[in-house]
Amino acid sequence: MERESMEFDVVIVGAGPSGLATACRLMQLAQEKDQELMVCVVEKGSEVGAHILSGAVFEPRSLNELFPDWKDKGAPLNTPVKGDDIYFFNGEDKSTKLPGFAVPKTMHNEGNYIVSMGNVCRWLAEQAEEMGVEIFPGFAAQEVIYNEDGSVAGILTGDMGVDENGNEKDSYMPGMELRAKYTVFAEGCRGHLGKELIAKFNLDEGKSPQHYGIGFKEIWDIDPELHQEGLVVHTAGWPLDSKTGGGGYLYHAENNQVFVGMIIDLNYSNPHLSPFEEFQRYKHHPTISQYLKGGKRVSYGARALAKGGFNSLPKQSMPGAIMVGCDAGTINFAKIKGNHTAIKTGMLAAETIVDALVSGDEGGKDLTTYEANFKASWLYDELYNTRNFGPAMHKFGTFFGGAYNTIDQNFFGGKLPFNFKDESLDHEQLKLASEAPVIQYAKPDGVLSFDRLSSVFLSNTNHEEDQRCHLKLADATIPMTVNMEKYAEPAQRYCPAGVYEIQESEEGDKFVINSQNCIHCKTCDIKDPSQNITWVTPEGAGGPNYPNM
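3 is the number of the first residue of the sequence shown in my numbering; add one for each residue after it.
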């Protein structure tokens, strides 16, 4: 079949908060300047919001700028934060509630909302479509298209109906070329095209390496008598040891639901550690379990998040394209928030592109004015003033790093004259399995803790049968000859969905990839100690279908 090609002014990859904010702001500006713009958004999920996973306590600052009348327009921000509790877990049944003065002010949440970002994105998509944006869910951006001069010309969506051997099935449909004057990459954390572009255009030259965490989230229906709508709980400490960064959360949302989750830094050193099992242990702490008693778990998901902050930000513009949101790593980890920053980057990208197009630009240029617009915005100041948060935690540990951050943020507004940097790579931090203690995890009780497969079931994950594996091994022998021998093959533990397993048999142990389980978290692409796994998009509409995350 002949490949179809479509031309747009702007193509946006990803219908998350940054991509949809880009689309909305483009159309607002086009209307203000009496210009016609053709804008499309491609989204690999089966629908907008299907792949969105975020805690989420939402700071409305950038939404206030994008849609000052968002309340009148029915934005799903229904649960204002009414309480903010922060605990240090001293053990599996002990905790200390921290007084407000001992907590960095970035962790306070007055004026914020507990939301489902999936629903916020669905609402943003409605606003974009009303203004004339074309949104194509179920289409995965597979490749970048380049012009002869090397500039970005658009993207190619993935072929549909190709079997695991690369043969065309009866359902075969070739991908489409979506060409544009400018392309905006808004894929989320560790986007596979963003990863390619950063390398091709040396966008991270002179920057600290990006750092990552894996975030878990479950939604529970709980006893109405235990529900405290608007209460936000954050925790540090147990079950993680002092050398493993991360923390937990529990947010009381609307409709007698709570969002419970955990973030674990992916620079952990013990190859026997299982982030999934640590999260399951976490829910047994009395401070958390008191709310879950008699409740029912109704959803599960996991996703990597970029936490390098200001020091790890790549250059975000390149010839023919701009990278926004978590694709560029704009999350403010000092706040544990990236949605308001993502929306702001999308708005800045739209403003930069419209200024260029209105002046008669035909596309393909490196819009370096984006960097100037970024530096002139409140977002730059916010990220700069929290630049030491992550490096301080890595350098001094959770307790002393937290103390430094409290002093820096509460008394100096992030302006202490220090610049801590973390130049390590997360995947290089694993010790040899023989040098690290084995961690014994209890079997799940089916009440508070669960196994991987029953959890994946709740994520509504599905991939078309007999399609090409989207988890590419550079060398198929490395899992058993290198990773197994050195690190007891940590993929079988760091994956939150049971994608990777070691099958034992009389003929010899075998490394197996259950790609149909993949929930698109990207952890394997990040944490594999041999950097042997590359995550690429599967067929469009594959993966999780989160209804309310």
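Backbone N, C-alpha and C define an ideal beta-carbon position, used for all residues, glycine too. Note that this is a predicted model, so its numbers are computed, not measured.
Checklist entry - For the alpha helix (DSSP H) that Val356 lies in, which residues bound it at each end? => result Asn341 to Val360
Checklist entry - Cβ atoms of Thr81 and Val326: under 8 angstroms apart, would you say? => result no
Checklist entry - DSSP on Asn387, reduced to helix/strand/coil? => result helix
Next on the checklist: Pairs of beta-carbons, one from the region 182-189 and one from the region 202-217, closer than 8 angstroms: are there three or more?
Outcome noted: no
Item to check | Rounded straight-line distance, which links the Cα of Gly404 to that of Phe398 | outcome: 8 angstroms
Next on the checklist: For the structure I just gave you, are there three or more beta carbon pairs, one from the region 412-419 and one from the region 247-265, closer than 8 angstroms?
Outcome noted: no
Checklist entry - Counting along the chain, where does the beta strand (DSSP E) carrying Pro456 start and finish? => result Contrary to the premise, residue 456 reads as Ser rather than Pro in this sequence. From DSSP, Ser456 is part of no beta strand (DSSP E) but of the alpha helix (DSSP H) over Arg454 to Leu460.
Checklist entry - Taking Cβ positions, are Met109 and His194 nearer each other than 8 angstroms? => result no
Item to check | Beta-carbon proximity list for Arg299, same chain, < 6 angstroms, skipping 5 on both sides | outcome: Glu220 and Trp222
Checklist entry - Is it right to say Ser451 is buried, meaning 16 or more other beta carbons lie within 10 angstroms of its own, or is it exposed? => result buried
Next on the checklist: Rounding to the nearest angstrom, what Cα-Cα distance links Glu34 and Met349 in this structure?
Outcome noted: 15 angstroms
Next on the checklist: Using CA atoms only, rank isn't needed, just tell me which of Phe401, Asn547, Gly510 and Gln411 is closest to Asn92.
Outcome noted: Phe401
Item to check | Beta-carbon separation (whole angstroms), Glu280 vs Ile266, contact threshold 8 angstroms | outcome: 6 angstroms
Next on the checklist: Using 8 angstroms for Cβ pairs, my map puts Asp86 next to Asn111. What's the rounded Cβ distance?
Outcome noted: 5 angstroms
Checklist entry - Between the Cα of Leu65 and the Cα atoms of Gly113, Val458 and Cys520, which residue gives the shortest distance? => result Gly113
Checklist entry - What residue ranges within the region 108-132 form continuous beta strand (DSSP E) runs of no fewer than 3 residues, ordered along the chain? => result none
Next on the checklist: Can you list, in chain order, the residues of its chain with a C-beta nearer than 7 angstroms to that of Val360? Leave out the 5 residues immediately preceding and following it.
Outcome noted: Lys35 and Gln37
Item to check | Length of the line joining the Cα atoms of Gly168 and Arg470 | outcome: 7 angstroms
Next on the checklist: Using only CA atoms, which one of Pro106, Glu430 and Leu473 lies nearest to Phe414?
Outcome noted: Pro106
Next on the checklist: Suppose you measure from the CA of Gly140 to the CA of Gly47; what does that come to, to the nearest Å?
Outcome noted: 5 angstroms
Item to check | Beta bridge counterpart(s) of Asp223 as assigned by DSSP | outcome: Gln259 and Lys298
Checklist entry - Quick one, are the C-beta atoms of Leu307 and Cys191 less than 8 angstroms apart? => result yes
Checklist entry - Which of helix, strand or coil does DSSP assign to Glu555? => result Residue 555 falls outside the range modelled here, since the chain spans only 3 to 551, and no answer is possible.
Checklist entry - Are the region 141-152 and the region 112-130 touching, with three or more C-beta to C-beta distances below 8 angstroms? => result no
Next on the checklist: When you compare the CB positions of Asn313 and Pro439, do they come within less than 8 angstroms of one another, or not?
Outcome noted: no
Next on the checklist: Just to confirm, is the Cβ distance from Leu55 to Tyr496 under 8 angstroms?
Outcome noted: no
Checklist entry - By Cβ distance, which residues of its chain are closer than 8 angstroms to Asn462, with the 5 residues on each side in sequence left out? => result Pro546, Asn547, Tyr548 and Pro549
Item to check | Nearest-angstrom Cβ-Cβ length linking Glu231 and Gly16, presumed shorter than 8 angstroms | outcome: Between Gly16 and Glu231 the Cβ distance is about 31 angstroms, and since that is not below 8 angstroms, they are no contact.
Checklist entry - Going by the beta-carbon positions, is the gap between Gly542 and Asn519 smaller than 8 angstroms? => result no
Checklist entry - Could you give the uninterrupted runs of the beta strand (DSSP E) lying entirely in the region 24-78, keeping only those of 3 residues or more? => result 41-45
Checklist entry - Across which residues does DSSP place Asn334 in a beta bridge pair? => result Lys339
Checklist entry - With C-beta atoms as the reference, is Asp527 less than 8 angstroms away from Ala493? => result no
Next on the checklist: I need the DSSP call for Trp240, collapsed to helix, strand or coil.
Outcome noted: coil
Next on the checklist: Considering only their Cβ atoms, is the gap separating Glu145 from Leu158 smaller than 8 angstroms?
Outcome noted: yes
Next on the checklist: For the ligand FAD, I want to know if Lys445 counts as a neighbour, meaning its beta carbon is within less than 7 angstroms of at least one of the ligand's heavy atoms.
Outcome noted: Among the ligands in the structure shown, none appear at all, so the ligand FAD cannot be discussed.
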